[in-house]
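Here the structure comes first, spelled out in structure tokens, and everything after it is commentary.
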Amino acid sequence: MNIRRKLILTSVTWVLIGISCITLLLQSCQRERDPLDSTNPEWDNTKDHFPVYTIGDATYIVKEDGSLWARGHVFSSFPGTNAKGYTLIEDGVKKIANGNISNRLYVLKKDNSVWRSPIISYSEEADFFQQKTTEKITDNAKDVLTGRNFAVILKLDGTVWAIGQDTYGQFGLGVTTNQELPLIQIAIDVKQIAAGYSNIYLLKNDNSLWSAGNNIYGKLGYPSTEYQLTFKKVMDDVKIVRATENNVMLVKTDGSAWSFGSNANGNQGINESSQNPTYPHTIADGVKDVFPMGFTSFYLKDDGTLWACGSNSYGQMGVALPQRSLQFIQIAERVDYMSTLSFCTHIIILQDKKYRMAGRNRYKELQQSDIESFKTFTDFVMP
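Reading the sequence shown from the start, the letters are residues 406 to 788 in our numbering.
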């Protein structure tokens, strides 16, 4: 019996020693983890907002601590840029909006307030570098998006508000105006919004999709020869809607992906390119999310595969060839999410919990490198 007790005590002792070693090892790994490593959970905040925004010639990053960083265009060449090519713009940020068709930066802050910068031109580089949001627009916001000289805001109570120029009747007020309008409520009972160059899209709580504004390229989602000055239903059973410039993509409740709008770059996936209107058509099943980007369209399937169609002139599909595809082709697998905004020729994907990049780097929007385009997915360095 004594021998048995000794054996049990010895076994327990070794188990406790093993647990202690594992604990120390984990603590050591935690201490040694590089806080700037893209595998750090600090960066895995896609549940609320994907932290990377590829906008025109620049890339913006929103860190978990709320700091907003930018690289590319003017940001990577001015004093104050860190060794990795990033400039700190602002703090307390949750999400940004500036689709390269707005001359203001809009910021959704962590306290759910929305702010905007003064009107800034890309030609005014010194001012653009100091881009700061100085004007508070509203509180209790859930999302903010921009179009051409306007912004649309979804509040936590499901109301939608717009501010800026209603040039194309996209506010749904029944009129058009080039005058700057103050913040005005334009809809209720909405759970998601999307905005293009001259359009606003409302996804209501009953899963119906509505649109207003200019119908060039058929981007309202239905035939019309005039501006649509009040919101009109596009279709039912919609789960997600995304828009940029003149392209719209959506996911229906059955997991099917649809697309409509401009097909000038062949990004509708219908095996042709033209200036003719393109109305809603299915492009895939089993889809998790969609990412229209003007030149190129992407969708992410439930199985983690990422597909693309349209222009690949800078390798933004992450593959060297073809330079343009008129049908959707698979470009990556094991993808969690990707960046998207308007008319970009570079993208960032989250693949296997690591950030990867592809596309144009002429303005160092991706990396401090003389390489002008990355035509295969390469590791992306956070600020």
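All C-beta atoms, glycine included, are put in the ideal place defined by N, C-alpha and C.
I'd like the span of the beta strand (DSSP E) that includes residue i, first residue to last.
| i | result |
| --- | --- |
| residue 772 | No beta strand (DSSP E) holds residue 772; DSSP gives it neither H nor E. |
| residue 560 | 555 to 560 |
| residue 492 | 492 to 495 |
| residue 614 | 614 to 618 |
| residue 458 | 457 to 460 |
Given this structure, state the Cα-to-Cα distance separating residue i from residue j, to the nearest angstrom.
| i | j | result |
| --- | --- | --- |
| residue 718 | residue 590 | 41 Å |
| residue 585 | residue 542 | 14 Å |
| residue 703 | residue 755 | 14 Å |
| residue 764 | residue 673 | 20 Å |
| residue 501 | residue 786 | 20 Å |
| residue 767 | residue 644 | 36 Å |
| residue 712 | residue 693 | 12 Å |
| residue 667 | residue 684 | 9 Å |
| residue 751 | residue 664 | 21 Å |
| residue 687 | residue 577 | 27 Å |
| residue 620 | residue 572 | 13 Å |
| residue 445 | residue 761 | Only weak support is given to the placement of residue 445: the predicted model assigns it a pLDDT of 43, under 50, and the value that follows is read from those uncertain coordinates. Rounded to the nearest angstrom, the two C-alpha atoms are 14 Å apart. |
| residue 640 | residue 491 | 42 Å |
| residue 617 | residue 513 | 24 Å |
| residue 460 | residue 745 | 8 Å |
| residue 613 | residue 605 | 14 Å |
| residue 538 | residue 495 | 8 Å |
| residue 623 | residue 487 | 44 Å |
| residue 603 | residue 758 | 35 Å |
| residue 769 | residue 676 | 33 Å |
| residue 437 | residue 729 | Any answer about residue 437 is weak, because its pLDDT of 36 lies below 50 and its placement is not dependable; what the coordinates show is given next. Answer to the nearest angstrom: the Cα atoms are 44 Å apart. |
| residue 477 | residue 771 | 7 Å |
| residue 561 | residue 479 | 35 Å |
| residue 734 | residue 726 | 11 Å |
| residue 632 | residue 656 | 25 Å |
| residue 709 | residue 691 | 10 Å |
| residue 497 | residue 510 | 15 Å |
| residue 574 | residue 583 | 10 Å |
| residue 781 | residue 722 | 8 Å |
| residue 554 | residue 519 | 16 Å |
| residue 457 | residue 611 | 30 Å |
| residue 678 | residue 580 | 33 Å |
Based on the DSSP secondary-structure assignment, which residues constitute the bridge partners of residue i?
| i | result |
| --- | --- |
| residue 764 | 751 and 779 |
| residue 540 | 521 |
| residue 586 | 569 |
| residue 502 | 511 |
| residue 478 | Answer is none; residue 478 lacks a bridge partner. |
| residue 832 | Outside the shown range of the chain (406 to 788) lies residue 832, about which nothing can therefore be said. |
| residue 549 | 558 |
| residue 742 | 755 |
| residue 649 | 652 |
| residue 489 | Residue 489 pairs with nothing; no bridge assigned. |
| residue 686 | 664 |
| residue 730 | 715 |
DSSP three-state label for residue i, please.
| i | result |
| --- | --- |
| residue 666 | strand |
| residue 623 | helix |
| residue 465 | strand |
| residue 473 | strand |
| residue 642 | coil |
| residue 735 | strand |
| residue 784 | strand |
| residue 721 | coil |
| residue 678 | coil |
| residue 516 | coil |
| residue 635 | strand |
| residue 593 | coil |
| residue 446 | Because the pLDDT of residue 446 is 39, which lies under 50, any placement of that residue in the model is unreliable, and the number read from its coordinates should be weighed accordingly. Three-state DSSP puts residue 446 in a helix. |
| residue 579 | coil |
Taking 6 Å as the cut-off, is the C-beta of residue i nearer than that to any heavy atom in the ligand ZN?
| i | result |
| --- | --- |
| residue 608 | Looking for the ligand ZN in the displayed structure turns up nothing, as the structure carries no ligands at all. |
Check your understanding: What are the start and end residues of each continuous beta strand (DSSP E) run of 3 or more residues lying completely inside the region 688 to 718, in chain order?
Key -> 692 to 697, 701 to 706 and 711 to 716
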